[in-house]
Each structure stands twice: as C-alpha cells, then as structure tokens.
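J.:
Protein chains: 2
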Amino acid sequence: MDKPLTFHAGTARQMVEAVAAGTPPMAVAEDMIARVQQVEPAVNAFAFFDADRLRAEADALPDGPLKGVTVAVKDVLLTRDMPTAHNSARYAGSQPGIDAACVDTLRSAGALIAGKARTTEFASTTVGPGTTNPHDAARTPGGSSSGSAASVAAGMTALALGTQTGGSTIRPASFCGVFGMKPTWNAISREGSKMYSATCDTVGLYARAASDLELLADVFGFDGCDVPDSLAGLRIGISYGTTPEAADADSRAAMENGAGVLLALGAEVFDLTLPEAFDGILESHRVVLAREGASAFLNEVRATPDLGAFFSDMVAAPPTAIEARAAYRQADLCRGLLDDLFEGGLDLILAPSATGVAPEGIGTGDPTYNSMWTLMQVPVVNVPMYRTAAGLPVGVSLIGRRYEDRRVIRAASLLMPEAVAPVG
Amino acid sequence: MDKPLTFHAGTARQMVEAVAAGTPPMAVAEDMIARVQQVEPAVNAFAFFDADRLRAEADALPDGPLKGVTVAVKDVLLTRDMPTAHNSARYAGSQPGIDAACVDTLRSAGALIAGKARTTEFASTTVGPGTTNPHDAARTPGGSSSGSAASVAAGMTALALGTQTGGSTIRPASFCGVFGMKPTWNAISREGSKMYSATCDTVGLYARAASDLELLADVFGFDGCDVPDSLAGLRIGISYGTTPEAADADSRAAMENGAGVLLALGAEVFDLTLPEAFDGILESHRVVLAREGASAFLNEVRATPDLGAFFSDMVAAPPTAIEARAAYRQADLCRGLLDDLFEGGLDLILAPSATGVAPEGIGTGDPTYNSMWTLMQVPVVNVPMYRTAAGLPVGVSLIGRRYEDRRVIRAASLLMPEAVAPVG
Numbered sequence: 001m002d003k004p005l006t007f008h009a010g011t012a013r014q015m016v017e018a019v020a021a022g023t024p025p026m027a028v029a030e031d032m033i034a035r036v037q038q039v040e041p042a043v044n045a046f047a048f049f050d051a052d053r054l055r056a057e058a059d060a061l062p063d064g065p066l067k068g069v070t071v072a073v074k075d076v077l078l079t080r081d082m083p084t085a086h087n088s089a090r091y092a093g094s095q096p097g098i099d100a101a102c103v104d105t106l107r108s109a110g111a112l113i114a115g116k117a118r119t120t121e122f123a124s125t126t127v128g129p130g131t132t133n134p135h136d137a138a139r140t141p142g143g144s145s146s147g148s149a150a151s152v153a154a155g156m157t158a159l160a161l162g163t164q165t166g167g168s169t170i171r172p173a174s175f176c177g178v179f180g181m182k183p184t185w186n187a188i189s190r191e192g193s194k195m196y197s198a199t200c201d202t203v204g205l206y207a208r209a210a211s212d213l214e215l216l217a218d219v220f221g222f223d224g225c226d227v228p229d230s231l232a233g234l235r236i237g238i239s240y241g242t243t244p245e246a247a248d249a250d251s252r253a254a255m256e257n258g259a260g261v262l263l264a265l266g267a268e269v270f271d272l273t274l275p276e277a278f279d280g281i282l283e284s285h286r287v288v289l290a291r292e293g294a295s296a297f298l299n300e301v302r303a304t305p306d307l308g309a310f311f312s313d314m315v316a317a318p319p320t321a322i323e324a325r326a327a328y329r330q331a332d333l334c335r336g337l338l339d340d341l342f343e344g345g346l347d348l349i350l351a352p353s354a355t356g357v358a359p360e361g362i363g364t365g366d367p368t369y370n371s372m373w374t375l376m377q378v379p380v381v382n383v384p385m386y387r388t389a390a391g392l393p394v395g396v397s398l399i400g401r402r403y404e405d406r407r408v409i410r411a412a413s414l415l416m417p418e419a420v421a422p423v424g
Numbered sequence: 001m002d003k004p005l006t007f008h009a010g011t012a013r014q015m016v017e018a019v020a021a022g023t024p025p026m027a028v029a030e031d032m033i034a035r036v037q038q039v040e041p042a043v044n045a046f047a048f049f050d051a052d053r054l055r056a057e058a059d060a061l062p063d064g065p066l067k068g069v070t071v072a073v074k075d076v077l078l079t080r081d082m083p084t085a086h087n088s089a090r091y092a093g094s095q096p097g098i099d100a101a102c103v104d105t106l107r108s109a110g111a112l113i114a115g116k117a118r119t120t121e122f123a124s125t126t127v128g129p130g131t132t133n134p135h136d137a138a139r140t141p142g143g144s145s146s147g148s149a150a151s152v153a154a155g156m157t158a159l160a161l162g163t164q165t166g167g168s169t170i171r172p173a174s175f176c177g178v179f180g181m182k183p184t185w186n187a188i189s190r191e192g193s194k195m196y197s198a199t200c201d202t203v204g205l206y207a208r209a210a211s212d213l214e215l216l217a218d219v220f221g222f223d224g225c226d227v228p229d230s231l232a233g234l235r236i237g238i239s240y241g242t243t244p245e246a247a248d249a250d251s252r253a254a255m256e257n258g259a260g261v262l263l264a265l266g267a268e269v270f271d272l273t274l275p276e277a278f279d280g281i282l283e284s285h286r287v288v289l290a291r292e293g294a295s296a297f298l299n300e301v302r303a304t305p306d307l308g309a310f311f312s313d314m315v316a317a318p319p320t321a322i323e324a325r326a327a328y329r330q331a332d333l334c335r336g337l338l339d340d341l342f343e344g345g346l347d348l349i350l351a352p353s354a355t356g357v358a359p360e361g362i363g364t365g366d367p368t369y370n371s372m373w374t375l376m377q378v379p380v381v382n383v384p385m386y387r388t389a390a391g392l393p394v395g396v397s398l399i400g401r402r403y404e405d406r407r408v409i410r411a412a413s414l415l416m417p418e419a420v421a422p423v424g
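From first to last, the protein sequence lines are chains G and U. For the first sequence, counting from 1, position 281 maps to 281 in UniProt numbering; every step adds exactly one. For the second sequence, counting from 1, position 80 maps to 80 in UniProt numbering; every step adds exactly one.
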C-alpha cells in the first residue's frame, strides 16, 4: 500500500465504493484492526474480537451490496462463528453455530461481521457492560447497545447492529453522537436475538451517516414509500410525549436547534398534541415489558438460580392479566390513533432522543423519550446534529409512520447530510 | 422387571407418580424405545430419535415436576443435544447447542426430551413431512406439527411440543384424536422456535389427558384465574367464526355432540354472534402472516436461492403497508371486542377444530377454524371427544379469554375427564 488506509474515518458507502473499485476487503479489515488497537483499550466496546478470524472472513466474502463493510454485532444476536454471551454467566463462551436472521442477511450481502459488541445482561438490565463513551470515558455510552454505539462512534466499524426494547438503540446513539435507527417493528426479523418483549424487541442499526441507513434499508428490504426530495413544506410535529418535564436544558437546546434547522429548510413545524388516550402510555410500556419478560426469562431463572433479582423478581411477580389486557389495549388503540395523525397530514415527529447528555457512571440512562415510540412500533432515527458547549452530543429523534422507514431516513439525511467524524 | 411396563399407555401424570414412587426414569425410557420400535415404522413421527441418547438422558434427569415424562419436540424448536433441521435442506444435521426456551424450561422440570418430531418445512408449508395418521396410514396427521401430534396419539410420548401460526397445533390434534393446546400468545416464550409470524407464532402442547395440560400449565407458570369446579351454569357460545359453510357433516356432528354434552353437564349453550368488525378477519390473518413471513424468511431466501416458491414469493411480494396497517388494526380491534364479550358474561367459546376428519394424502388440511383464534391470541384446547362411525377423530375447540388458559384447560377436563388411549 502506498498510503495509509483510513476506512475507519469513512462511511459504509465509501467502503462499498472502495471495494467496488478494487480495494481488497482485507485492506478494510487491516484498517479496522489497527483502529481497534488504537482506541479499544479505552472504549472497551467488544465482548469478542479476533483479528485473525476477521482476516479469514475478509478473505472469503461473497459479492453483495455491503461487500467489505465492517459491522459490529450486539452480543445478544447469535453469530455462527463467534460466541454469543449475552453478558450473562450461563452463556460465557456459548457458540451455537447459527446466525441471527439479521446477521445472516448481512453476510449474504457481503458485510464483514467484525466482532461482538458489549451489552447489558440479556439487553435488559440498566447496568453498563464496562464500555465507555468515546466522547468522555467517565460517561456511559448508554445501553443496552453500549458497544454497538461506541464502536461506530469511535470509528472501529462503519455500522453496528443493536436492539431496542425501551430505548436501547436510540439513547446510545444520542449519547455517542451517531445515527441510530429503530426500524418499524418486525421490519427486520428478530429471530436469533435474545427475547425480552415480543411486542417491543426490535433490531436496531447504527451508522455515521444517514445515507448509510439507506444502504441497510435496501439490504433488509424496507417498504417502498414516498420519500421527500426536500424538507420544504413537510409538516413536522414537535413532541415531548407524555413527559415534557423530563428534558433538561441540553435536551431542549438540541430540540430547539433541530426545529430551527427544519424551519430554515422550509418545513412547517408545530407543537403536536397527542390524543388523551396516550395518557399513561409509559406505564403500559412498563406492564408489557414486565409481562413479556416474565415469559422470556422463565427458563433462565429456572436454570440459573443465582441470576440477578432484576430477572427473578420479574418472573416471580408479573403484572396481572387485567393489567396486561389494559396495557395491550391502550397500546393497540394509540397505534391506530398515531396512524390517524399521519393519515391526517402529519409527516414526521421531532422528539428528544434522551433527557440530556450521557450521564457519568455505569447506569445506562433514562429511556423516557424512547419507550413510547418503541411500543408504537414506529420507525425512529436519531439525528446527531447537536453538541453542547462542552462538546457532548445530544440527539433528536425523527419519527414516522409504520413502514415508512425510508421516509424517516431520507428526512434525517436532508436534516443532516454530512457524516459524523469518528471520535478519538 | 417382573411385568412388562406400559407407560406408553398412560398419562404424563401417571409417569410422574410412577417415578415419584421409585420407578427409575430408565424404565420409562426403555418402554418408550420399545413402543417406538413397534409403531414408528408405520407412523414416521420422528425426524430424529436416538435410543442411546435417550437412555443417557434418562440416567441424568434433575428432580422436578415432570421428572421422567417423555416429550417429543417439534423440529423447529432448538435442542442442544439433537439436530434441528426444520425439514429444510440448509439445516440438515444442524445442531446449534442451545435449547429453545420452552425446551429449557421442560428440562429444568425433569422432563425426558425424547426426540425431534417431524414438521412441514419451517412449520410453514402445507406439504406433510411423511408422517402418517396413526388412525389411518392413508391420511395426514395434519400439520405443521405432524410428528408431535402423531407421537402422542400413537403413545410414543406422553406429551409433545408443537407450534401454531395458523392451525398447526389444534388441527393435528383434531385429526389425531388427542388433546392439543394453543396457549395465550406469549404465555410460553417462543425464543428458539423458527419464526414465521411474530404476531401469531405460539408454542403448542399435546397430551392424551386434559389433566396433563394442567401439569404443563404449572411448569410454564400460566396465570392464575378462576377455574370452574363444574360446567353447570357456564355460558358457552357456539361459533363457526366467519366461515360457517366450511364445516362438513362430521365437523358439525362433533360440534353437536360437544354442545350436547355441555348442555347435559348443565352449561348454558347458545349461538354466539361475533361483531361485524370480525368480517374479513381471516384475510387479515393472511395479510399478517404474509407480511411477517416476508421479514422472517428474507435471510433464508437470500442464503438458499433454490428454496421453494412458497418462501421466495412471500419475500418478493409482501402485502402493502396500507394492507398491513389495516390488517393489524382489525386484529387489534377484534382482540378488544373479544375481551368485551368475555367481560360481558361469556365464559367460553365452542368452535370446530377442523372442517372434518383428516383428509387422505399429504396435504396438511384446512386451518379455517383455527386462524382467527390464533390472530386473537386467545387460549384454545382441542377436546378429542368425538369419533365418526368409521372411527376417525374430529375434535372441538374450547376457547377462552386471554390469560385464562387454566380456565380453558379445566373446562376441557370437565368436558372429557378420561384420557385418550394410544392408537395401535
């Protein structure tokens, strides 16, 4: 090589173009290995990373639309050739030999599956897995997709897979200053992802450019829909959901910045009033997770008597059937009412991605601005367009109608066309 | 041994009692092995059965409420020590080394996981896997849980796990003359079960006695609810759903027999009129499956270009977003209306389990009387109380309110207290 390769500073699309132009995927792999050696000691994003395995994989990639693009995979998603430990003692070293459906699809597209990204235990607890925020090692990268967001933010991989049941993809994207996407529920199969809530579990995506999310939308076959060429004239409702008081000054500043840019680009921006039926929706999210988690973790609690109280308490005392029926009914009703709002002329929603910047310590942060949209099963993209005076990222969420994932991605791309530079 | 053991003729509860009284689980295993040698050549229920593996397992069972009870596991549910082939070429011999959550829970309870039961490809197609109906080898056992139902009907195992997305548990139970249960959606975790439809996929149960379903309800931690001591005074609505014309004379005779016994036991039986909102609900079931199947099988179609047209067509041309939103909305609405019916004094529904007896040939039969209840996510038990003059079974379904699985099981037990004898 005549000059040092710096794929880590580029986007997935740039990697695809380089490989198409003749750069061997091995060069991408070597660049990633060098970047990992440089930043991983401080970031600690990976639960499993093996340079030799990566080289072997780079040497045998099929042709496809993501050929040579590095992707970190959250360690609750099965990978046939790497352990999947879920950050839980029972699964240390477990390597089932099959891929999660989303990983399988990426492999068929030629992606370079780079390693397993750290997660909270079973993507469920609120205790961080030891990954630090690339912007400030004293702060959490958020969770549960801690390693996925940090890997992309630090430029170790171009893309990453996460999951979201409450705010586990969008909130880390906000804290780490990268694009993050929670697609429409079930737009990407969740097979081979550890279950928590069948109603809310969603495979999530990370990238440093909105246009890279379009690449992924193609690979995963997201629905076609009208996508705008411009934000001019789009009707965009501002919503703090049912908890306007939760946003701190930084979160509000990010929202005001986002609304200002939208206005400057010609969008019609207004305060969105949610129907009264949404009152208490966060409690319904809690009930759905507690019910579904009690089923999901029953086998783990039975097989692992010393599993933490988070899990054993959930299995021992789920919400009642009456509470569950009411929670599902509210969720179902509100999903329909949200469809009606979009049907009635609303194009997109702008909402906070987090209550503020990444907190210090090992907690994974507050999901209050994410959980409702997860329960609504609508597509959400975190746009990392704002930084505080101290340089810390705070994102905003663009939210669309069910199955209009491509519309949300395009709007994010129009709102912030430039890629985020890797940190460090 | 002084006398021949015949556990295969008994129930799970009898096996539990025998083991508790000192019978070694190995004796149960040897009895099963002998029974398999006797009937499996004709029935062909198992995709994988290894007598030596079974003996080794019987020798090392943990104590638990199902200690020594034989359970066949549908071959779309992962098993750590046996292959899981999904009846699909890509997975021939695949053995991921982890258990589906439901299998894991049964193992912790001491169950003897007996073998892998044959299924249609990915529990999705309508082409039978070569299993025959124990009542008539020229007829289908139904599907997709073909081997599970046949194993229990033929007395090879006391219990079996199936799955249901349309009618894949209840219809084979009807055709094979055994108790079958589709619990409330997500009452049993579907982790480690091949995905087709996240909204409809449900782990199913087979037994030859209703009281054995109570054992399983305990192990899986089904909700507590009011359970009746008698059927007297219960209000039971008869429903042929939206397709009254689909039931043939045998199916109607089974329904009349069931209604007659309910009346004789003091129940109040009446024709249930479903709200108009249910019109077209079977089409919504079709749309939900086609949409969710397009996500679920994307990776398989990409990785296996010669996978059948059933799968490649589903991935290539899913229903539109508009159709999908309408289908989900109807399902959500009807689920609430059904709750209202139960809230308003309806105790249970009696419905056909199938359009008639098991058809001849390799097709798996018509799910028209199962799909709606699957989409409604309510608990359903097939009660195998009726046989035609030719001796072929036709079941009826008892259906209850979400989370009231134990009420439905108890009602089935009161309607048909006796166990079914193994066939052959």
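Using N, Cα and C, we set each Cβ at its ideal position, and we do this for glycine too.
For Thr163/U versus Thr132/U, is the C-beta distance shorter than 9 Å?
T.: Taking the first residue of the second sequence as 1, we reach residue 163/U at position 163. Taking the first residue of the second sequence as 1, we reach residue 132/U at position 132. No, the pair does not count as a contact, with Cβ atoms beyond the cut-off.
J.: Considering only the alpha carbon of each residue, which of Gly224/U, Ala232/U and Ala254/U lies closest to Ile238/U?
T.: Against the second sequence, residue 238/U aligns to sequence position 238. Closest by alpha carbon: Ala254/U.
J.: Reducing DSSP to helix, strand and coil, say where Glu268/G ends up.
T.: On the first sequence, residue 268/G is found 268 positions in, with the first residue counted as 1. Of the three classes helix, strand and coil, the one that applies to Glu268/G here is strand, per DSSP.
J.: Find the nearest neighbour of Glu300/G within the set Glu292/G, Ala100/G, Arg291/G and Phe311/G, judged by alpha-carbon distance.
T.: Within the first sequence, residue 300/G is the residue found at index 300, counting from 1. Residue Phe311/G is the option with its Cα nearest to Glu300/G.
J.: Quick check on this structure: which residue in Cys200/G, Val357/G and Asp52/G has the alpha carbon closest to the alpha carbon of Met82/G?
T.: The residue you call residue 82/G lines up with position 82 of the first sequence. Met82/G has its Cα closest to that of Asp52/G, out of Cys200/G, Val357/G and Asp52/G.
J.: Checking contacts by CB at 9 Å: is Ser295/G closer than that to chain U?
T.: To locate residue 295/G, count along the first sequence from 1; it is residue 295. Cβ-Cβ to chain U under 9 Å: yes for Ser295/G.
J.: Using a C-beta cutoff of 9 Å, does Asn186/U count as contacting chain G?
T.: Position 186 of the second sequence holds residue 186/U. Chain G contact via Cβ: present.
J.: Would you list, in chain order, the members of the stretch 107-126 of chain U that have their beta-carbon closer than 9 Å to a beta-carbon of chain G?
T.: Listed in sequence order: Arg107, Ser108 and Ala109.
J.: Figure out for me which residue from Pro393/G, Phe297/G, Gly97/G and Ala267/G has the closest Cα to the Cα of Ser124/G.
T.: Residue numbering aside, residue 124/G sits at position 124 when the first sequence is read from its first letter. The shortest C-alpha separation from Ser124/G is found at Phe297/G.
J.: I'd like the span of the alpha helix (DSSP H) that includes Asn299/G, first residue to last.
T.: Locating residue 299/G in the first sequence gives position 299, where the first residue counts as 1. Where Asn299/G is concerned, the enclosing alpha helix (DSSP H) stretches over Leu298 to Ala303.
J.: Can you round the beta-carbon distance between Phe46/U and Ala117/U to whole angstroms, since I take them to be within the 8 Å contact cut?
T.: Position 46 of the second sequence, counted from the start, is the residue given in the question as residue 46/U. Position 117 of the second sequence, counted from the start, is the residue given in the question as residue 117/U. Confirmed, Cβ separation roughly 6 Å.
J.: Tell me, to the nearest whole angstrom, how far the beta carbon of Ala114/U is from that of Ala72/U; I am working on the premise that it is less than 8 Å.
T.: For this step, residue 114/U is matched to residue 114 along the second sequence. For this step, residue 72/U is matched to residue 72 along the second sequence. Correct: roughly 5 Å between the Cβ atoms.
J.: What's the call for Leu263/U, buried or exposed, on a 16-neighbour Cβ count within 10 Å?
T.: Position 263 of the second sequence holds residue 263/U. Flag for Leu263/U reads exposed.
J.: Please identify the residue among Cys334/U, Val39/U, Pro134/U and Arg80/U whose C-alpha is closest to the C-alpha of Pro275/U.
T.: Residue 275/U sits at position 275 when you count from the first residue of the second sequence. The option with the nearest alpha carbon to Pro275/U is Cys334/U.
J.: Could one say the Cβ of Cys102/U lies closer than 9 Å to chain G's Cβ atoms, at least one of them?
T.: Along the second sequence, read from residue 1 onward, the residue named residue 102/U stands at position 102. Output row for Cys102/U: interface = yes.
J.: Would you identify the three-state DSSP class for residue 425/G, choosing helix, strand or coil?
T.: Here chain G covers residues 1 to 424 and nothing more, so residue 425/G does not appear.
J.: Taking all protein chains shown into account, decide if Gln377/U is buried (16 or more other Cβ within 10 angstroms of its Cβ) or exposed.
T.: Within the second sequence, residue 377/U is the residue found at index 377, counting from 1. Buried, by the Cβ-count rule.
J.: How is the alpha helix (DSSP H) around Met26/U delimited, first residue to last?
T.: Counted from its first residue, the second sequence places residue 26/U at position 26. First-last of the alpha helix (DSSP H) with Met26/U: Pro25 to Val43.
J.: Touch check for the stretch 26-38 of chain U and the stretch 400-413 of chain G: three-plus C-beta pairs under 8 Å?
T.: Cβ pair count under 8 Å is below three, so no.
J.: Which residue spans inside the stretch 179-219 of chain G form an unbroken beta strand (DSSP E) run of at least 3?
T.: Within the stretch 179-219 of chain G, the complete beta strand (DSSP E) runs of at least 3 residues are 179-182 and 202-207.
J.: Verify the CB distance criterion: does Phe220/G have a CB-CB separation below 9 Å to chain U?
T.: On the first sequence, residue 220/G is found 220 positions in, with the first residue counted as 1. Closer than 9 Å to some Cβ of chain U, the Cβ of Phe220/G qualifies, so yes.
J.: Under 9 Å, Cβ to Cβ, is there at least one residue of chain G near Arg410/U?
T.: Counted from its first residue, the second sequence places residue 410/U at position 410. Taking Cβ atoms only, chain G never reaches closer than 9 Å to Arg410/U, which makes this a no.
J.: Counting only Cβ pairs nearer than 7 Å, list the residues of chain U close to Pro96/G.
T.: Counted from its first residue, the first sequence places residue 96/G at position 96. Ordered by position in chain U, the residues that pass the 7 Å Cβ test against Pro96/G are Pro96, Gly97 and Ile98.
J.: Around the C-beta of Ala249/U, are 16 or more other C-beta atoms found within 10 angstroms, so that it is buried, or is it exposed?
T.: Numbered from its first residue, the second sequence carries residue 249/U at position 249. It counts as exposed.
J.: Rounded to whole angstroms, how far is the Cβ of Gly356/G from the Cβ of Val394/G, which I believe are closer than 8 Å?
T.: The count along the first sequence starts at 1 and reaches residue 356/G at position 356. The count along the first sequence starts at 1 and reaches residue 394/G at position 394. Confirmed, Cβ separation roughly 7 Å.
J.: In terms of alpha-carbon separation, which member of Thr126/G, Thr79/G, Leu77/G and Ser197/G lies closest to Asp366/G?
T.: The residue given as residue 366/G occupies position 366 in the first sequence. Considering only alpha carbons, the answer is Thr126/G.
J.: Let me check understanding here. Comparing Cα to Cα, which of Pro352/G, Pro359/G and Thr388/G lies closest to Trp373/G?
T.: By 1-based counting over the first sequence, the position of residue 373/G is 373. Among Pro352/G, Pro359/G and Thr388/G, the Cα nearest to that of Trp373/G is on Pro352/G.
J.: Asn299/G CB to nearest chain U CB: under 9 Å?
T.: Within the first sequence, numbered from 1, the residue matching residue 299/G stands at position 299. It does: the Cβ of Asn299/G has a partner Cβ on chain U nearer than 9 Å.
J.: Any idea if Asp306/U is buried or exposed, counting beta-carbon neighbours within 10 angstroms, 16 or more meaning buried?
T.: Reading the second sequence from its first residue, position 306 is the one you call residue 306/U. So Asp306/U ends up on the exposed side.
J.: Mind checking whether residue 425/G and Lys67/G have CB atoms under 9 Å apart?
T.: No statement about residue 425/G is possible, as the shown extent of chain G runs from 1 to 424 and does not include it.
J.: Considering Ile170/G, what are the terminal residues of the alpha helix (DSSP H) in which it resides?
T.: Reading the first sequence from its first residue, position 170 is the one you call residue 170/G. Ile170 to Cys176 is the span of the alpha helix (DSSP H), which, as asked, contains Ile170/G.
J.: Just the C-alpha distance for Tyr196/G and Phe175/G, rounded to the nearest angstrom, thanks.
T.: Counted from its first residue, the first sequence places residue 196/G at position 196. Counted from its first residue, the first sequence places residue 175/G at position 175. Roughly 23 Å between the two C-alpha positions.
J.: Using only alpha-carbon positions, find the residue among Gln95/U, Thr11/U, Thr199/U and Val69/U that is nearest to Leu106/U.
T.: Locating residue 106/U in the second sequence gives position 106, where the first residue counts as 1. Comparing Cα positions, the closest option is Val69/U.
J.: Looking at the C-beta of Ala324/G, does it have a partner C-beta in chain C at a distance below 9 Å?
T.: Of the protein chains in the structure, G and U, none is chain C.
J.: DSSP on Arg402/G, reduced to helix/strand/coil?
T.: Taking the first residue of the first sequence as 1, we reach residue 402/G at position 402. Here Arg402/G sits in coil by DSSP.
J.: Let me make sure I understand the geometry here. Which of Met156/G, Gly167/G, Arg302/G and Ala111/G has the alpha-carbon closest to that of Val380/G?
T.: Along the first sequence, one-based indexing puts residue 380/G at 380. Selected option, being the one with the closest Cα: Gly167/G.
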